[in-house]
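A.B. asks: Quick one: the structure is below, and I'll ask about it shortly.
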Amino acid sequence: MVKELQMKIALVTNLREGKGLAVDARILESILNSRGHEVTSRDFRDIGRGDLRVNLVIHLEMVVPKALWWSDKQWWIPNPDWAMPEYIKYSDAFEKILVKSRNAIKCMSECKRVEFLGFESEDHYRPEVKRERRFFHTWAGSIMKGTRSVERAWGKGDCCYPATFVLDKKIPIDKYIHEQNACLFHLQPSAVEGYGHVIHEGLGVGAIVATTDGPPMNESIGIGLRMKCKKVARQNLADGYDVSPDTIVEATRFLWGLDSNTIKELSERARQVFLDEREEFRIRLRELVG
Numbered sequence: 043m044v045k046e047l048q049m050k051i052a053l054v055t056n057l058r059e060g061k062g063l064a065v066d067a068r069i070l071e072s073i074l075n076s077r078g079h080e081v082t083s084r085d086f087r088d089i090g091r092g093d094l095r096v097n098l099v100i101h102l103e104m105v106v107p108k109a110l111w112w113s114d115k116q117w118w119i120p121n122p123d124w125a126m127p128e129y130i131k132y133s134d135a136f137e138k139i140l141v142k143s144r145n146a147i148k149c150m151s152e153c154k155r156v157e158f159l160g161f162e163s164e165d166h167y168r169p170e171v172k173r174e175r176r177f178f179h180t181w182a183g184s185i186m187k188g189t190r191s192v193e194r195a196w197g198k199g200d201c202c203y204p205a206t207f208v209l210d211k212k213i214p215i216d217k218y219i220h221e222q223n224a225c226l227f228h229l230q231p232s233a234v235e236g237y238g239h240v241i242h243e244g245l246g247v248g249a250i251v252a253t254t255d256g257p258p259m260n261e262s263i264g265i266g267l268r269m270k271c272k273k274v275a276r277q278n279l280a281d282g283y284d285v286s287p288d289t290i291v292e293a294t295r296f297l298w299g300l301d302s303n304t305i306k307e308l309s310e311r312a313r314q315v316f317l318d319e320r321e322e323f324r325i326r327l328r329e330l331v332g
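Numbering-wise (our numbering), the sequence shown opens with residue 43 and increments by one.
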């Protein structure tokens, strides 16, 4: 039986940067298409004022003024760290402002009609890959992932543990996913996050994820270790945090000392929390869109 078409939906964002926003769009497009909607994803550079008519426009992080002409129904999914004044001034144009983290409700408090949505990352779980006592860190194309502190921790000579640092954005995706699965311990001391795809991808592969003990990085109950941090400069509407190299050294020692039973327990919990949070997000999205 052919599904009845429900709505025409446009997703607008920065697709060409190929990082988190492109992943956001890909995830939403896949889910909404599977629900019978007709979804179009457009890069903000390719948008004309009157070149499309749809039932719903969803702005991902960016607010694209020309797309406000496409529909009477407009939603915004902001990332507080990139919620700039030129976006906030359009906030009254949105029927809903949907946020990915509980902390973002507070960050976006000057706006009306803010609701918690949650989100999900892509599922990189590969159970056939052998897990090793090894550390993993990726910069994910952003200077805000705490990469400098991780490198300094290893540079101090106190971290002599095996590690994989992904610092090349041209790494083949299959190799990248293999390394995510192979490494039991993931170090992601982000300064800020809109959602934190690298953190949630780590949970998804069953890694013991060590991340910043500041929101939204520390929100998921699947996090294996929250590293102490200090608050630093804000980025737009989000607080920034710094995890020192010494703290990362302490974290690696703690994680390396975990026994096999504890590692198994934390790994299974991380995977289950990933699945639970994904299902909760999809239920909320289904209730909103249909």
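For each residue, glycine too, the CB sits at the ideal point set by N, CA and C.
Is L209 buried or exposed, if buried means 16 or more other CB atoms sit within 10 Å of its CB?
C.D. replies: Here residue 209 corresponds to residue number 167 of the sequence shown, with the count starting at 1. Burial call: exposed.
A.B. asks: Under a three-way DSSP split, which group does S133 fall into?
C.D. replies: To locate residue 133, count along the sequence shown from 1; it is residue 91. Three-state result, S133: helix.
A.B. asks: Near V247, which residues of its chain fall below 6 Å by C-beta distance, leaving aside the five closest residues on each side in sequence?
C.D. replies: Locating residue 247 in the sequence shown gives position 205, counting from the first residue. Around V247: H166, Y167, Q222, N223.
A.B. asks: Determine the DSSP secondary structure at Q314, reduced to helix, strand or coil.
C.D. replies: The residue given as residue 314 occupies position 272 in the sequence shown. DSSP places Q314 in helix when its eight states are reduced to three.
A.B. asks: Looking at the unbroken beta strand (DSSP E) that takes in S83, where does it start and where does it end?
C.D. replies: Reading the sequence shown from its first residue, position 41 is the one you call residue 83. Unbroken beta strand (DSSP E) run through S83: 80 to 85.
A.B. asks: State the start and end residues of the unbroken alpha helix (DSSP H) segment that holds H242.
C.D. replies: Indexing the sequence shown from 1 puts residue 242 at position 200. Where H242 is concerned, the enclosing alpha helix (DSSP H) stretches over 239 to 246.
A.B. asks: How about A249 and A312: do their beta carbons lie closer than 8 Å?
C.D. replies: The residue you call residue 249 lines up with position 207 of the sequence shown. The residue you call residue 312 lines up with position 270 of the sequence shown. Contact: yes.
A.B. asks: Could you tell me the alpha carbon to alpha carbon distance between A182 and K50, rounded to whole angstroms?
C.D. replies: Here residue 182 corresponds to residue number 140 of the sequence shown, with the count starting at 1. Here residue 50 corresponds to residue number 8 of the sequence shown, with the count starting at 1. Going from the Cα of A182 to the Cα of K50 covers about 32 Å.
A.B. asks: DSSP three-state call for A125: helix, strand or coil?
C.D. replies: In the sequence shown, the residue the question calls residue 125 occupies position 83. In the structure shown, A125 sits in coil (DSSP, three-state: anything other than H, G, I, E or B).
A.B. asks: Three or more C-beta pairs under 8 Å: does that hold for the segment 303 to 310 against the segment 236 to 244?
C.D. replies: The segment 303 to 310, when compared against the segment 236 to 244, does not touch it at the 8 Å Cβ threshold.
A.B. asks: I'd like to know whether the C-beta atoms of L159 and V171 end up nearer to each other than 8 Å.
C.D. replies: As a working note, residue 159 is residue 117 in the sequence shown. As a working note, residue 171 is residue 129 in the sequence shown. No, these two residues do not count as a Cβ contact at 8 Å.
A.B. asks: Is DSSP giving A182 helix, strand or coil here?
C.D. replies: Start at 1 with the first residue of the sequence shown, and residue 182 comes out as number 140. Here A182 sits in coil by DSSP.
A.B. asks: Are the Cβ atoms of L226 and H179 separated by less than 8 Å?
C.D. replies: Residue 226 sits at position 184 when you count from the first residue of the sequence shown. Residue 179 sits at position 137 when you count from the first residue of the sequence shown. Against a cut-off of 8 Å, the Cβ pair of H179 and L226 comes out as no contact.
A.B. asks: Grouping DSSP H, G and I as helix and E and B as strand, with all else coil, what is H101?
C.D. replies: In the sequence shown, residue 101 corresponds to position 59, counting from 1. Strand.
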